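Using my numbering, the first residue of the sequence shown is number 18, and each one after it goes up by one. Glycine included, each C-beta is placed from N, C-alpha and C at the ideal position. Note that the structure is predicted; figures quoted are calculated from it, not measured. Worksheet: one structure, shown below.
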Amino acid sequence: MKFSSSIAAAAALTGASAHTIMTNLVSNGVVNGVGVGIRVPSYDGPITDVSTSDIACNGGPNPTTPSNVVIDVKAGSTVQTYWRHTLTSTSSDVIDSSHKGPVMAYMKKVSDATTDTGIGGGWFKISQEGYDSSTGLWAVDKLISSGGVQSIPIPSCIANGQYLLRGEIIALHSASSANGAQFYMECAQINVTGGTGSVSPATVSLPGAYKSTDPGILFNLYVSPISYTIPGPSVFSCSGGGSNTQPATTPATTAPTTTAPPTQQTSTTPPVSGTGAPLYGQCGGTGWTGPTTCASGTCKATNEWYSQCLP
Numbered sequence: 018m019k020f021s022s023s024i025a026a027a028a029a030l031t032g033a034s035a036h037t038i039m040t041n042l043v044s045n046g047v048v049n050g051v052g053v054g055i056r057v058p059s060y061d062g063p064i065t066d067v068s069t070s071d072i073a074c075n076g077g078p079n080p081t082t083p084s085n086v087v088i089d090v091k092a093g094s095t096v097q098t099y100w101r102h103t104l105t106s107t108s109s110d111v112i113d114s115s116h117k118g119p120v121m122a123y124m125k126k127v128s129d130a131t132t133d134t135g136i137g138g139g140w141f142k143i144s145q146e147g148y149d150s151s152t153g154l155w156a157v158d159k160l161i162s163s164g165g166v167q168s169i170p171i172p173s174c175i176a177n178g179q180y181l182l183r184g185e186i187i188a189l190h191s192a193s194s195a196n197g198a199q200f201y202m203e204c205a206q207i208n209v210t211g212g213t214g215s216v217s218p219a220t221v222s223l224p225g226a227y228k229s230t231d232p233g234i235l236f237n238l239y240v241s242p243i244s245y246t247i248p249g250p251s252v253f254s255c256s257g258g259g260s261n262t263q264p265a266t267t268p269a270t271t272a273p274t275t276t277a278p279p280t281q282q283t284s285t286t287p288p289v290s291g292t293g294a295p296l297y298g299q300c301g302g303t304g305w306t307g308p309t310t311c312a313s314g315t316c317k318a319t320n321e322w323y324s325q326c327l328p
């Protein structure tokens, strides 16, 4: 099924004001400043061609600013990244709610995190969350609800040393056409301590891990019921080396994106009261067979294919 011209136009208009940037890294309870230890871009636009080197750590149309800071991170801990529409946006301005899709994180061991481009092999996925059929929420919905906080567990079994930590969002609102999926990613520069080094992750290359025709990249967001497979490799596990990428019809088993750091705003779970779809859940659209009322918020149409419960 293809987008109508009106839907495509609406998506394009929304996109200009709906981009996002990974701006901060929180480690050991310390909130590092915007761009500290992260190569933030000068423009918040997406990468749409998965075959280019820009898919590794951004760049190209979004030139990034180098940082000479490497942030200490404890193996086995959970760090947080902040996502914001712009470098000066607040937690209420994360990404447009139409930009639904998965949220992921990767790592790559490097000799010098301040100079390594990230391009090429060595990447392994450490967390992912896609579509949760039990709530009707995408990972991006939960990210918005949390004020833009993505929580990322750092494996305890990896070797000590410097790594690139890559946060990623894939926005699927225009993904039913070739190169329509929008990729947002930044690379943080970290130094892992306390790791056991007992397991060596299987790795992939960026570019290379994604194909433009992958079912999680070429995807029609507006067809129900939603069945979505997160693209890329399995999530690395210290116990088994990886866990299978699960279809979106089951809740993700990796760490959710909504746990806020102790010194920052507390993450929230969309409130549910009474019957109807939860806040940020789907409540209508062509072919939709689920709830058409909202337990919290108001059902608002994004386009003819999708309506959502919004505050």
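query                                                                                                                : result
Spatial neighbours of Y99 in its chain, beta-carbon cut-off 6 Å, leaving aside the 5 residues before and after       : T40, N41 and G165
Minimum C-alpha distance to A312 - residue among C300, A318, G293 and A122                                           : G293
Residues of its chain near V86, where Cβ-Cβ distance is below 6 Å and the 5 sequence neighbours each way are ignored : V53 and G54
Integer Cβ distance of R56 from P78, believed to fall under 8 Å                                                      : Contact doesn't hold; Cβ gap of about 15 Å is too wide.
T337 versus G233, G307, K317 and S215, residue with shortest Cα-Cα distance                                          : In the structure as shown, the chain starts at 18 and stops at 328, and residue 337 therefore has no counterpart that could be examined.
Contact between the region 225–241 and the region 190–200 (3+ Cβ pairs under 8 Å)                                    : yes
Contact set for I234: own chain, Cβ-Cβ below 8 Å, skip 5 residues either direction                                   : V67, I187, A192, A198, Y227, K228 and P248
Cβ neighbours of N208 in the same chain (closer than 6 Å, five flanking residues each side left out)                 : V87, D89 and Q179
N177 versus V48 - alpha carbon distance                                                                              : 22 Å
Same chain, Cβ closer than 8 Å to T310, five either side skipped, listed in chain order                              : T292, G293, A294, C300 and C316
Residue burial classification, A219 (beta-carbon count within 10 angstroms, cutoff 16)                               : exposed
Opening and closing residue of the alpha helix (DSSP H) in which I175 lies                                           : Note, I175: premise wrong, no alpha helix (DSSP H); not H, not E.
Closest Cα partner of W140 within the set C255, V120 and S251                                                        : S251
Cβ-based burial, P63 [other Cβ within 10 Å; buried from 16]                                                          : buried
Reduced DSSP category for A73 - H, G, I as helix; E, B as strand; rest coil                                          : helix
Nearest residue (CA-CA) to G212, options P172, D110, T95 and E185                                                    : P172
Identified DSSP bridge partners for S44                                                                              : V47
Residue range of the alpha helix (DSSP H) that includes L235                                                         : Neither: L235 is in no alpha helix (DSSP H) and is coded neither H nor E.
Where V157 sits in the DSSP three-state scheme                                                                       : helix
Residue from N196, K125, G135 and I243 whose Cα sits closest to the Cα of T230                                       : N196
Extent of the continuous beta strand (DSSP E) to which F200 belongs                                                  : Q199 to T210
Inter-residue spacing [alpha-carbon to alpha-carbon] between G314 and K126                                           : 44 Å
Sheet register partners of S94 (DSSP bridge)                                                                         : Answer is none; S94 lacks a bridge partner.
Boundaries (first-last residue) of the beta strand (DSSP E) holding I143                                             : G137 to E146
Start-to-end residues for the beta strand (DSSP E) that takes in A35                                                 : A35 -> no beta strand (DSSP E), and no H or E assigned at all.
Residues that DSSP places opposite V57 in a beta bridge                                                              : The partner list for V57 (beta bridge, DSSP) is empty, contrary to what the question assumes.
Three-way DSSP call (helix, strand, coil) for S168 in this model                                                     : strand
Other residues of its chain near C204: CB distance less than 6 Å, five sequence neighbours each side excluded        : R56, C74, G135, L181 and R183
Local Cβ density within 10 Å of Y245, reported as buried at 16 or more and exposed below that                        : buried
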